[in-house]
Amino acid sequence: MPLVTTKEMLEDAYKNNYAIGAFGAHNLEIIKAVIAGAEKVGAPVILQTTSSTYKYVEMPYMIALAKTAAEQAKVPVALHLDHGESYKVVMECLRAGYTSVMIDGSSLPYEENIILVKKIVEAASALNVPVEAELGTISGVEDSLSVNEGTTFFTDPKEAEHFVKVTGIQSFAPAFGTAHGKYKQKPKLQFDLLQKIYRSTNVPLVMHGASGVPEEDVRKSLNYGIAKVNFSTELKDLFAEQLRAFFNDNPTENDPRKYFLPARESLIELVEQKVVMLQK
Ligand code: 13P
Ligand code: ZN
Numbered sequence: 270m271p272l273v274t275t276k277e278m279l280e281d282a283y284k285n286n287y288a289i290g291a292f293g294a295h296n297l298e299i300i301k302a303v304i305a306g307a308e309k310v311g312a313p314v315i316l317q318t319t320s321s322t323y324k325y326v327e328m329p330y331m332i333a334l335a336k337t338a339a340e341q342a343k344v345p346v347a348l349h350l351d352h353g354e355s356y357k358v359v360m361e362c363l364r365a366g367y368t369s370v371m372i373d374g375s376s377l378p379y380e381e382n383i384i385l386v387k388k389i390v391e392a393a394s395a396l397n398v399p400v401e402a403e404l405g406t407i408s409g410v411e412d413s414l415s416v417n418e419g420t421t422f423f424t425d426p427k428e429a430e431h432f433v434k435v436t437g438i439q440s441f442a443p444a445f446g447t448a449h450g451k452y453k454q455k456p457k458l459q460f461d462l463l464q465k466i467y468r469s470t471n472v473p474l475v476m477h478g479a480s481g482v483p484e485e486d487v488r489k490s491l492n493y494g495i496a497k498v499n500f501s502t503e504l505k506d507l508f509a510e511q512l513r514a515f516f517n518d519n520p521t522e523n524d525p526r527k528y529f530l531p532a533r534e535s536l537i538e539l540v541e542q543k544v545v546m547l548q549k
């Protein structure tokens, strides 16, 4: 099937209290593993990239890989821009064929964030592409984006209500205690806050920084509107760990058709596990 947008899959998940896994797709091996993991569960899946990923892979390859993955897959697949940092980056992705975009204006003053998001929604909706946006700041490091813990702001439910209404976004990423990258200590998710945001908005909510969030917390959040859950760090960690272990055991191996295999196999298992965790 061709790439699909995230609209229907997120709306169905939102209505039925489950979530769609969105996985950082950095190369061919990871893309194939994400699809295979989702197929094992029979669940739709989101491949997502930041702008630095599509610059690294190069856009024509990125699109060709994702389109081919979707066409081969037995489950619906969407290609989503994660943390789009500017109007220009989002336009580049819309032109290239991404089927979902996030604009991250969360570091801007509130009114400027709104102006930017509205502009993006207007352009994306002309192509039927849904838009995700963020309010508050999710701390930690995601590619070139770095927010330290001291400057984390949780999302205000009243602002969230206004923001979602005036921008017309299709999904919303609140800051409620998760962080990108590795957690130094067990994350403390603010479920009361999430519940208030859930009540004051009416679009699917997105959990960023899900790597390292305990399963029970992820599952609890599904009751409060979380319908898309983003994983990246855990995949990167496992992929690198497997490669290191392989070369440790086989220091002279030079065949990429061999040394990528165990990494890909273990990623399939990890993705399957995550997708199972997000089911009802
Ligand atoms: P982690 O890298 O912490 O899993 O976060 C992923 C994410 O939120 C991507 O936007
Ligand atoms: Zn994120």
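Remember, this note's numbering sits 269 above the position in the sequence shown when you count from 1. For every residue, glycine included, the Cβ atom is placed at its ideal position computed from N, Cα and C.
Contact under 8 Å by Cβ, residue i with residue j
{"i": "I289", "j": "P271", "result": "no"}
{"i": "L316", "j": "A294", "result": "yes"}
{"i": "V273", "j": "P329", "result": "no"}
{"i": "L547", "j": "Y283", "result": "no"}
{"i": "S355", "j": "T406", "result": "no"}
{"i": "L348", "j": "Y325", "result": "no"}
{"i": "I466", "j": "G306", "result": "no"}
{"i": "T275", "j": "S369", "result": "yes"}
{"i": "V472", "j": "S501", "result": "no"}
Residue i - containing alpha helix (DSSP H), residue span
{"i": "P525", "result": "P525 to Y528"}
{"i": "S321", "result": "S320 to V326"}
{"i": "A302", "result": "L297 to V310"}
{"i": "T436", "result": "P426 to T436"}
Counted within 10 angstroms of its Cβ, other Cβ atoms place residue i as buried (16 or more) or exposed
{"i": "P399", "result": "buried"}
{"i": "F422", "result": "exposed"}
{"i": "L377", "result": "exposed"}
{"i": "A291", "result": "buried"}
{"i": "F516", "result": "exposed"}
{"i": "T521", "result": "exposed"}
{"i": "A509", "result": "exposed"}
{"i": "K527", "result": "exposed"}
{"i": "G409", "result": "buried"}
{"i": "N499", "result": "buried"}
{"i": "Q454", "result": "exposed"}
{"i": "K451", "result": "exposed"}
{"i": "K343", "result": "exposed"}
{"i": "L463", "result": "buried"}
{"i": "G446", "result": "buried"}
Distance between beta carbons of residue j and residue i, contact taken as under 8 Å
{"i": "E401", "j": "A442", "result": "6 Å"}
{"i": "K543", "j": "L279", "result": "The pair is not a contact, with the Cβ atoms about 17 Å apart (cut-off 8 Å)."}
{"i": "L363", "j": "A339", "result": "About 17 Å separates the two Cβ atoms, so there is no contact after all."}
{"i": "A448", "j": "G478", "result": "5 Å"}
{"i": "L320", "j": "G353", "result": "Correcting the residue identity first, residue 320 is Ser in this sequence and not Leu. Sure, about 7 Å apart at Cβ, within 8 Å."}
{"i": "Q511", "j": "S480", "result": "The pair is not a contact, with the Cβ atoms about 16 Å apart (cut-off 8 Å)."}
{"i": "E541", "j": "K309", "result": "5 Å"}
Residue range of the unbroken beta strand (DSSP E) whose run includes residue i
{"i": "N517", "result": "Not the beta strand (DSSP E): N517 falls in the alpha helix (DSSP H), residues T502 to D518."}
{"i": "A282", "result": "No beta strand (DSSP E) holds A282; the alpha helix (DSSP H) holding it covers K276 to K284."}
{"i": "F292", "result": "I289 to G293"}
Self-check item: Whole runs of the alpha helix (DSSP H) within the region 440-488, excluding any shorter than 4 residues
Solution: 460-469
Quiz item: What residue ranges within the region 315-402 form continuous alpha helix (DSSP H) runs of no fewer than 4 residues, ordered along the chain?
Solution: 320-326, 328-341, 356-365 and 379-395
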